[in-house]
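Reviewing the structure listed below.
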Amino acid sequence: SLVVLFGATAGAYGAKLGSDERELILLVWQVVDLHSKKVGTLHKSLVKADNLDLSDQCREVSGLTPEGLGKAEPLDRVLQQFSQLVSSDLKVLGRSSYTLCSDGQLLIRQVLHPETSKKNFLLSDCFYSFYDLRKEFCACYPSSAAVKDQTIKTMAEYLGLGTDETEEDFGVWQVKTMVAIIFSMLSEGCNHVFTEPEAVKYKYETGPCSKSETVDSETVIRARGLPWQSSDQDIARFFKGLNIAKGGVALCLNAQGRRNGEALVRFVNSEQRDLALERHKHHMGSRYIEVYKATGEEFLKIAGGTSNEVAQFLSKENQVIIRMRGLPFTATQDDVLGFLGPECPVTGGKEGLLFVKYPDGRPTGDAFVLFSCEEYAQNALKKHKEILGKRYIELFRSTAAEVQQVVLNRYMSTPLIPTLPTPIIPVIPPPYTIATGSIRDCVRLRGLPYTAGIDDILEFMGDATADIKPHGVHMVLNQQGRPSGDAFIQMKSADKAFMVAQKCHKKMMKDRYVEVFQCSGEEMNFVLMGGTLNRSGLSPPPCKLPCLSPPAYAAFQTAAVIPAEAALYQPQALLPTTRTPQASAAAPPAVTYYPAQAAQLYMNYTAYYPSPPVSPTTVGYIAAPPGAVAAAATATHTPLLPQPGALVRMQGLPYNTGMKEILSFFQGYQYAPDDYNGLIQLSDQARSVLQAPKEWVCL
């Protein structure tokens, strides 16, 4: 038997059903015996929503009113009545089992499952298997329209059935027409058989992902804005009703190995991915979640791994993973097992523990633990911030993808004090330097859509694109690395900039108008370095001590170092002058060193054209040719660092600490050099290497 089911929400109708998170307000159903071709009683039930504010489309299409819905039963009661009435109708027809049949997938996947999940009650098993009437119709009538173009009305028209919806109440006509379509499919000319129902997964299955695995880019999305404590199960619950692939949730980590509020999710097919995109800006608790398309390469970069140690640890499937952070460096497996205690036994004992270490074998203070059930994991989470040794331990839910990211040296395996990289030489060609001065040969775009990219800006500029300097488009990001809605463009002359500002000001880009202003290179540089430009004038970048930024080693003169092939330009004009010791007349040749690639130089806010696809703020460097390295090695120059033992690291400083406080702290000790250039403040990027909230290095 089939139970033909139709529903409506207080918001969008048709192809957008469920995309606006509005609640269910109507259910209509009827039992159909496929063998005897008999039907049960047609039932129509209104549902009382928490928010009775109906959209204009809902009022127009359904004819329902808030007053009428206010007298209805809530959803949990209606679903109980549904089960009772279906069972009663089946008995009358002499049947015992049934499968739901709906017009498409939206009612089941995008309305019922998400809403019941948010309201914390379970759906009965019948809602985890259903027939999609549109797919069944296309299988029975291959010459009809594609599945995505089908509606109840188009299917009825194809069969020559009546299509006057005004003859019946809203919902009643839809169910009666669906029943008539089913009987037509069962007729002797078609003899259609319902054999393969759609399935909704009961729970998300965890598991590892191999880097050699092929991932279809049409099945992956990026979710942004997640609460930092979200687990893979929380994300699976957000996408309740959609089928996520096994091990298909990969939480993204920042440079410190902590979650950054983003996740990549892989679904079983492109149809499920497209439904997931319709949940853009749906809510997880009080936060709305942004959902965008992503690629298989991005997913594998986060979730893929080949470590035997990780593979063995994750080989036990359907385990709950907990991450422990802040362990004493001397902690052993027995210490961790003793800390967890008998109330939360670890799966496999010591085999269920995985300590994270740096490449040189030193412990990081992190570990992952496997538990066989949710109860044991909950008991372990209750020990959050309890003491082990002399340290409090943090415990969080984790995922297989997070294990692979952390253990496979993706974010946390950089040595505490990295060895110096290969010497680097400037490679920036003169034509590509960013202009300075007061000449107003630049334009500022304000109010860009947050989804706008370089191509959108070039299309927006139209014919004026030919007057843009090479590599002259600069996107401005906020402190979270997201588009700020601003961009700067360098034009070939002030006249060209004036013409663009006149022609493109308040021109539409997508669904927003964009303001275009003429400005100078100096004003542009202030904003690109983190300052602000408004009607009140310029506000300088957030750098109190110009002698300390960008970070440089005082023993050498600093020079701009730009990766040509990445097209990310960091010209001399953007770097404040660094105070250096007075050089003698016979100064040795200088060789410039910078921190490793993970330590970016002061480029917190800006991405240069073209922006890399994943990490817009990444700035790389090109190593010098072997000949240049050899020449530098043979030259006589001052050592980069003083003798061994002369370098100390300060950790745990107050955020408002300045140079004066640090010098007072070291009063009575001799430090070098006299002008305090031995103090190196670490930028946000360099701090990611050293894994500390705020630090200084003193020479």
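Count along the sequence shown from 1, add 889, and you get the number used in this note's numbering.
Where is the CB? At the ideal position from N, CA and C, for every residue including glycine.
Give the range of the alpha helix (DSSP H) segment to which Asp1345 is assigned. Indexing the sequence shown from 1 puts residue 1345 at position 456. From DSSP, the alpha helix (DSSP H) with Asp1345 extends over 1343-1350.
Can you check whether the CB of Cys1331 is closer than 8 Å to the CB of Met1380? Residue 1380 sits at position 491 when you count from the first residue of the sequence shown. Residue 1331 sits at position 442 when you count from the first residue of the sequence shown. Contact: yes.
Measure the Cβ-Cβ separation of Ile1178 and Cys1141 and say whether it is below 8 Å. Reading the sequence shown from its first residue, position 289 is the one you call residue 1178. Reading the sequence shown from its first residue, position 252 is the one you call residue 1141. Taking 8 Å as the Cβ cut-off, Ile1178 and Cys1141 do not qualify as a contacting pair.
For Tyr902, which residues of its own chain have a beta-carbon under 6 Å away from its beta-carbon, when the five flanking residues on both sides are left out? In the sequence shown, the residue the question calls residue 902 occupies position 13. Hits under 6 Å: Gln946, Val950.
Given a threshold of 16 other Cβ atoms within 10 Å of its Cβ, counted over all protein chains shown, does Ser1119 qualify as buried or as exposed? Locating residue 1119 in the sequence shown gives position 230, counting from the first residue. It counts as buried.
Here's the rule: buried if 16 or more other CB atoms are within 10 angstroms of the residue's CB, otherwise exposed. What is Ser991? Here the question's residue 991 lines up with position 102 in the sequence shown. Counting the other CB atoms within 10 Å of its CB gives Ser991 a total of 16 or more, which places it among the buried residues.
Is the Cβ-Cβ distance between Ser890 and Val920 less than 8 Å? Position 1 of the sequence shown, counted from the first residue, corresponds to residue 890. Position 31 of the sequence shown, counted from the first residue, corresponds to residue 920. With contacts defined by Cβ atoms closer than 8 Å, Ser890 and Val920 form a contacting pair.
Buried/exposed call for Gly929, threshold 16 Cβ in 10 Å: Reading the sequence shown from its first residue, position 40 is the one you call residue 929. By the 10 Å Cβ count, Gly929 comes out buried.
Determine whether the Cβ of Ser1553 lies closer than 8 Å to any Cβ atom of chain D. No chain D is part of this structure, which consists of one protein chain only.
Could you compute how far the alpha carbon of Val1382 sits from the alpha carbon of Asn1367? Walking along the sequence shown from the start, residue 1382 turns up at place 493. Walking along the sequence shown from the start, residue 1367 turns up at place 478. The residue you asked about is not Val; residue 1382 is Ser in the sequence shown. Cα-Cα distance, rounded: 28 Å.
Outcome for Phe1218 when other beta-carbon atoms lying within 10 angstroms are tallied against a minimum of 16: Mapped onto the sequence shown, residue 1218 falls at position 329. Its Cβ having fewer than 16 others within 10 Å, Phe1218 is exposed.
For Trp918, name the three-state secondary structure that DSSP assigns. Counting from one through the sequence shown, the residue named residue 918 turns up at place 29. The answer is strand: DSSP assigns Trp918 an E or B state.
Check His1002 in the structure and name its three-state DSSP category. Numbered from 1 along the sequence shown, position 113 holds the residue referred to as residue 1002. Helix, per DSSP.
Which residues share a DSSP beta bridge with Thr1066? Locating residue 1066 in the sequence shown gives position 177, where the first residue counts as 1. Checking the DSSP bridge columns, you'll see Thr1066 has no partner listed.
Across which residues does DSSP place Val935 in a beta bridge pair? If you number the sequence shown from 1, residue 935 lands on position 46. The amino acid at residue 935 is misidentified as Val; the sequence shows Leu. Leu935 pairs with Leu915.
From Lys1170 to Val1061, what distance separates their C-alpha atoms? On the sequence shown, residue 1170 is found 281 positions in, with the first residue counted as 1. On the sequence shown, residue 1061 is found 172 positions in, with the first residue counted as 1. Those two C-alpha atoms are separated by around 32 Å.
Measure the Cβ-Cβ separation of Val1403 and Phe1349 and say whether it is below 8 Å. The residue labelled residue 1403 in the question sits at position 514 within the sequence shown. The residue labelled residue 1349 in the question sits at position 460 within the sequence shown. Yes, they are a contact pair.
Out of Gln1294, Ile1343, Gln973, which has the shortest C-alpha to C-alpha gap to Ala1144? Here residue 1144 corresponds to residue number 255 of the sequence shown, with the count starting at 1. Ala1144 has its Cα closest to that of Gln1294, out of Gln1294, Ile1343, Gln973.
Drop a sphere of 10 angstroms on the beta-carbon of Arg1538, count the other beta-carbons inside from all chains shown, and report buried for 16 or more, exposed for fewer. Position 649 of the sequence shown, counting from 1, holds the residue named residue 1538. Classification for Arg1538: exposed.
What is the DSSP secondary structure of Tyr1047, counted as helix, strand or coil? As a first step, residue 1047 must be located in the sequence shown, where it is residue number 158. In the structure shown, Tyr1047 falls within a helical segment according to DSSP collapsed to helix, strand and coil.
Just checking my contact of Leu979 with Tyr987 at CB under 8 Å: how many whole Å lie between their CB atoms? Here residue 979 is taken as the residue at index 90 of the sequence shown, counted from 1. Here residue 987 is taken as the residue at index 98 of the sequence shown, counted from 1. The beta carbons of Leu979 and Tyr987 sit about 6 Å from each other, so the pair counts as a contact at 8 Å.
Using the Cβ count rule (16 or more neighbours within 10 Å means buried), how would you classify Ile1343? Here residue 1343 is taken as the residue at index 454 of the sequence shown, counted from 1. Exposed is the call here.
CB-CB under 8 Å to Gln970, same chain, minus the five flanking residues each way: which ones, in chain order? In the sequence shown, counting from the first residue as 1, residue 970 sits at position 81. Correct list, in chain order: Ser934, Glu962.
Under DSSP, the alpha helix (DSSP H) around Pro955 begins and ends at which residues? Translated into positions along the sequence shown, residue 955 becomes position 66. First-last of the alpha helix (DSSP H) with Pro955: 955-959.
Sequence ranges, alpha helix (DSSP H) only - wholly within the segment 1238-1272, length at least 4: Counting whole runs of 4 or more residues, the segment 1238-1272 contains the alpha helix (DSSP H) stretches 1263-1270.
Going by DSSP, name the residue or residues bridged to Lys1182. Taking the sequence shown and counting its residues from 1, one reaches residue 1182 at position 293. In the DSSP assignment, Lys1182 is bridged to Ile1110.
How far does the alpha helix (DSSP H) with Glu949 in it reach, from first residue to last? Start at 1 with the first residue of the sequence shown, and residue 949 comes out as number 60. Counting along the chain, the alpha helix (DSSP H) containing Glu949 begins and ends at 945-951.
Name the residue from Ser1106, Lys1396, Leu964 whose alpha carbon lies nearest to the alpha carbon of Ala897. Counted from its first residue, the sequence shown places residue 897 at position 8. Considering only alpha carbons, the answer is Leu964.
In angstroms, rounded to a whole number, what distance separates the CA positions of Cys1393 and Phe1387? As a working note, residue 1393 is residue 504 in the sequence shown. As a working note, residue 1387 is residue 498 in the sequence shown. Note on geometry: alpha-carbon atoms of Cys1393 and Phe1387 lie some 10 Å from one another.
What do you get for Asp1375, buried or exposed, if any count of 16 or more other CB atoms within 10 angstroms of its CB means buried? Here residue 1375 corresponds to residue number 486 of the sequence shown, with the count starting at 1. Under this definition Asp1375 is a buried residue.
For the putative contact between Leu1259 and Lys1272, defined by C-beta atoms under 8 Å, what is the C-beta separation to the nearest angstrom? For the purposes of this step, residue 1259 is taken as the residue at position 370 of the sequence shown. For the purposes of this step, residue 1272 is taken as the residue at position 383 of the sequence shown. About 16 Å; that fails the 8 Å criterion.
Tell me whether Ile1124 sits in a helix, a strand or coil according to DSSP, three-state version. Taking the sequence shown and counting its residues from 1, one reaches residue 1124 at position 235. In the three-state scheme derived from DSSP, where H, G and I count as helix and E and B as strand, Ile1124 is classed as helix.
Would Arg1280 pass as a contact of Pro1338 if the rule is Cβ separation under 8 Å? Counted from its first residue, the sequence shown places residue 1280 at position 391. Counted from its first residue, the sequence shown places residue 1338 at position 449. Not closer than 8 Å, so no.
Between the segment 1130-1137 and the segment 1153-1167, do three or more beta carbon pairs fall short of 8 Å? Between the segment 1130-1137 and the segment 1153-1167 there are three or more C-beta pairs closer than 8 Å, enough to call the two in contact.
For Pro1372, the residue or residues it bridges with in DSSP: Sequence index remark: in the sequence shown, residue 1372 carries index 483 (1-based). Beta bridge pairing from DSSP links Pro1372 with Leu1366.
Which stretch, first to last residue, makes up the alpha helix (DSSP H) that contains Ala1386? Start at 1 with the first residue of the sequence shown, and residue 1386 comes out as number 497. Note, Ala1386: alpha helix (DSSP H), 1383-1393.
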